[in-house]
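Below is one structure, written out as structure tokens, with a few remarks after it.
Protein chains: 2
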Amino acid sequence: MYMAERILVVEDEAAIREMLSMTLTRAGFEIMVVGSVSQARGLIMDRRPNLILLDWMLPDTSGLEYARILKKDAMTREIPIIMVTARGDEGDRVKGLEVGADDYVIKPFSSKELVARIKTVLRRGAPPGDNHIIQVDGMRVDLAGHRAMINNTILDLGPTEFRLLHFFITHPDRVYSRSQLLDQIWGGSICIGERAVDVHIRRLRQALATHNHDQYVQTVRGTGYRFSMLV
Amino acid sequence: MYMAERILVVEDEAAIREMLSMTLTRAGFEIMVVGSVSQARGLIMDRRPNLILLDWMLPDTSGLEYARILKKDAMTREIPIIMVTARGDEGDRVKGLEVGADDYVIKPFSSKELVARIKTVLRRGAPPGDNHIIQVDGMRVDLAGHRAMINNTILDLGPTEFRLLHFFITHPDRVYSRSQLLDQIWGGSICIGERAVDVHIRRLRQALATHNHDQYVQTVRGTGYRFSMLV
DNA sequence: CCCTTTTGTCACAAAAATGTAATCGCTGTG
DNA sequence: CACAGCGATTACATTTTTGTGACAAAAGGG
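Chains H and B, in that order, are what the protein sequence lines are. My numbering numbers the first residue of the first sequence as 45 and each following residue consecutively. My numbering numbers the first residue of the second sequence as 45 and each following residue consecutively.
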């Protein structure tokens, strides 16, 4: 007797909730839908889901925060999580994977794509997203392993510097203003002075300098910063 | 030396038009307001806006249709569009984003939210991928990367020299007076002596001379300067 | 609850860019 | 040939922008 796999959807927007329950039911899943983290808390103990579809923005606790909590508790650590985010921000994606989310989808998404990703994650295979290792000139950034290395030596980077490097290495040869970097790496709605970017650029340069790779992080006066292999 | 960003508002309801011009002017934007797509057509060629705020429902052509037209024309493709829609319909939003609108706001909206979204979209700049590199006779100007090169060697230019070269290379074979250049490169409302142009022309020539390309920046006695490949 | 790491801000140093003014040099003219 | 008109060149003071180190608050991990 085949038992349908149970998916918990945590999503506050009613319209999307409707759409998701439609789509997933038709795809053969058993679904539970809640609108907030506190509601999810109650349910999860009672009926353990096989997968959680978690919105990034939620009324009470942020989805990111809840993901962190779930992954810290041995009881729930094994439940795969797919984050649903409105933005395509690099930083958010990395943050999501950082706390242990297994994959993410970006709104608006097609139902076909969503179902495909869910099935992949349930199968415990590698996510179809970018779990791969980016490698350029002896420099490697491993998103899943959350590590960066140069010539097989692990770089000692703080989380923000890692996201910065990852963003740069995936967006080379292009200048980004400080506010663009804040959007991309810190996330859309933060209030931080722009000069904070300078400081993190410096810290990244410092780390790269130990392997003489700091010339790739370039200052463009009056505009911002650029990552490029061309000196 | 900051130049206000220009926003074109296409909106037929007079009340909303009032409100928008109030809000946006106070937020420091330069705004142009029209009530229909046909009016917008005339204006857009004359004074290119940095962003278009486009109502969904309009008397002549629908906003959606106009967005599609704008995004199809290479001349206007780069201008970001924010759709203004009365409905919170998921379907509409998706349609808007599908034709290439960069964001949408739902009526009624708070002025604070609108300004925030406008700023975010303006900051985002052109999407990565469509690298608009202008190339003439071994000379390349990469606006996104903010870099100029001759025969694969990077030119060392200051910000103003870069803007000057970029302007010249996109407006060749035509003489510009010093005051025209001040308008175009420094921005409309500055008070700088015209002789400053001479100095920057010199600095640009100096940079080009290292690769023997300085003959393209030509002096037209009594009139101004010209950029031309013809010697 | 304590300790460590990470973060953002600030103040100051350093560097680069910018506009001006003085001077030099070329060109055509009377 | 002297002169006026205009652009080129140079040096320099000022302003703008970025780099750097220290520090305190906040977050994370035991």
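Beta carbons are placed, not taken as given, at the ideal position from N, Cα and C, and that holds for glycine.
Round the Cβ separation of residue i and residue j to the nearest angstrom and send it over; I've been treating them as touching at under 8 Å.
{"i": "residue 51 of chain B", "j": "residue 88 of chain B", "result": "Actually they do not touch by this definition, with Cβ atoms about 12 Å apart."}
{"i": "residue 211 of chain H", "j": "residue 135 of chain H", "result": "7 Å"}
{"i": "residue 139 of chain H", "j": "residue 108 of chain H", "result": "6 Å"}
{"i": "residue 224 of chain H", "j": "residue 167 of chain B", "result": "6 Å"}
{"i": "residue 241 of chain H", "j": "residue 222 of chain H", "result": "4 Å"}
{"i": "residue 6 of chain B", "j": "residue 147 of chain B", "result": "Residue 6 of chain B lies beyond the stretch modelled for chain B, which goes from 45 to 275, so this question has no answer here."}
{"i": "residue 149 of chain B", "j": "residue 128 of chain B", "result": "6 Å"}
{"i": "residue 137 of chain H", "j": "residue 205 of chain H", "result": "Not quite, the Cβ-Cβ distance comes to about 17 Å (not below 8 Å), so this is no contact."}
{"i": "residue 187 of chain H", "j": "residue 114 of chain H", "result": "Not quite, the Cβ-Cβ distance comes to about 20 Å (not below 8 Å), so this is no contact."}
{"i": "residue 120 of chain H", "j": "residue 81 of chain H", "result": "13 Å between Cβ atoms; not a contact."}
{"i": "residue 207 of chain H", "j": "residue 236 of chain H", "result": "So it is not a contact: roughly 14 Å between Cβ atoms."}
{"i": "residue 66 of chain B", "j": "residue 180 of chain B", "result": "Contact doesn't hold; Cβ gap of about 45 Å is too wide."}
{"i": "residue 226 of chain B", "j": "residue 238 of chain B", "result": "7 Å"}
Along the chain, where does the alpha helix (DSSP H) containing residue i start, and where does it finish?
{"i": "residue 69 of chain H", "result": "58–70"}
{"i": "residue 164 of chain H", "result": "155–166"}
{"i": "residue 275 of chain H", "result": "From DSSP, residue 275 of chain H is part of no alpha helix (DSSP H); its letter is neither H nor E."}
{"i": "residue 89 of chain B", "result": "81–90"}
{"i": "residue 98 of chain B", "result": "Segment 95–99 is the beta strand (DSSP E) holding residue 98 of chain B; no alpha helix (DSSP H) there."}
{"i": "residue 262 of chain H", "result": "Note, residue 262 of chain H: premise wrong, no alpha helix (DSSP H); beta strand (DSSP E) at 261–264."}
{"i": "residue 111 of chain B", "result": "107–116"}
{"i": "residue 248 of chain B", "result": "239–253"}
Against chain H, with Cβ distances strictly below 8 Å, would residue i count as a contact?
{"i": "residue 188 of chain B", "result": "yes"}
{"i": "residue 123 of chain B", "result": "no"}
{"i": "residue 164 of chain B", "result": "yes"}
{"i": "residue 198 of chain B", "result": "yes"}
{"i": "residue 72 of chain B", "result": "no"}
{"i": "residue 203 of chain B", "result": "yes"}
{"i": "residue 169 of chain B", "result": "yes"}
The beta strand (DSSP E) spanning residue i covers which residue range?
{"i": "residue 74 of chain B", "result": "74–78"}
{"i": "residue 207 of chain B", "result": "It is not in any beta strand (DSSP E) - residue 207 of chain B instead sits in the alpha helix (DSSP H) that spans 203–214."}
{"i": "residue 225 of chain H", "result": "Run containing residue 225 of chain H: none in the beta strand (DSSP E); it sits in the alpha helix (DSSP H), 222–225."}
{"i": "residue 178 of chain B", "result": "177–180"}
{"i": "residue 130 of chain H", "result": "Run containing residue 130 of chain H: none; DSSP gives neither H nor E here."}
{"i": "residue 104 of chain B", "result": "Unbroken run through residue 104 of chain B: none, as it is neither H nor E."}
{"i": "residue 52 of chain B", "result": "50–54"}
{"i": "residue 146 of chain H", "result": "Neither: residue 146 of chain H is in no beta strand (DSSP E) and is coded neither H nor E."}
{"i": "residue 192 of chain B", "result": "191–194"}
{"i": "residue 184 of chain B", "result": "183–186"}
For residue i, tell me which candidate among the options has the shortest Cα-Cα distance.
{"i": "residue 71 of chain H", "options": "H/82, H/181 and H/158", "result": "H/158"}
{"i": "residue 102 of chain B", "options": "B/62, B/77 and B/54", "result": "B/54"}
{"i": "residue 189 of chain H", "options": "H/66, H/122, H/182 and H/203", "result": "H/203"}
{"i": "residue 48 of chain H", "options": "H/95, H/119, H/242 and H/194", "result": "H/95"}
{"i": "residue 319 of chain B", "options": "B/215, B/268, B/258 and B/265", "result": "Residue 319 of chain B cannot be examined here, being either before or after the span of chain B that is shown, 45 to 275."}
{"i": "residue 260 of chain H", "options": "H/98, H/230, H/62 and H/209", "result": "H/209"}
{"i": "residue 182 of chain B", "options": "B/122, B/229, B/255 and B/237", "result": "B/255"}
{"i": "residue 234 of chain H", "options": "B/147, B/153, B/73 and B/160", "result": "B/160"}
{"i": "residue 69 of chain H", "options": "H/195, H/155 and H/143", "result": "H/155"}
{"i": "residue 214 of chain B", "options": "B/59, B/185 and B/264", "result": "B/185"}
{"i": "residue 122 of chain B", "options": "B/83, B/165 and B/78", "result": "B/165"}
{"i": "residue 97 of chain H", "options": "H/201, H/263, H/124 and H/117", "result": "H/124"}
{"i": "residue 170 of chain B", "options": "H/180, H/191 and H/220", "result": "H/220"}
{"i": "residue 130 of chain H", "options": "H/250, H/57 and H/216", "result": "H/57"}
{"i": "residue 118 of chain B", "options": "B/78, B/176 and B/153", "result": "B/176"}
{"i": "residue 201 of chain B", "options": "B/249, B/195 and B/262", "result": "B/249"}
{"i": "residue 79 of chain B", "options": "B/59, B/163, B/199 and B/264", "result": "B/59"}
{"i": "residue 264 of chain H", "options": "B/100, B/73, B/192 and B/112", "result": "B/192"}
{"i": "residue 112 of chain H", "options": "H/145, H/85, H/93 and H/91", "result": "H/145"}
{"i": "residue 153 of chain B", "options": "B/216, B/99 and B/198", "result": "B/99"}
Could you confirm whether any beta carbon from chain B is found closer than 8 Å to the beta carbon of residue i?
{"i": "residue 274 of chain H", "result": "yes"}
{"i": "residue 270 of chain H", "result": "yes"}
{"i": "residue 184 of chain H", "result": "no"}
{"i": "residue 67 of chain H", "result": "no"}
{"i": "residue 112 of chain H", "result": "no"}
Contact set between the segment 214–231 of chain H and chain B, restricted to residues whose Cβ is under 8 Å from the partner: 215, 217, 218, 219, 221, 223, 224 and 227
query: Of all the residues that make up the segment 248–272 of chain H, which are near chain B by a beta-carbon distance shorter than 8 Å?
result: 264, 265, 266, 267, 270 and 272
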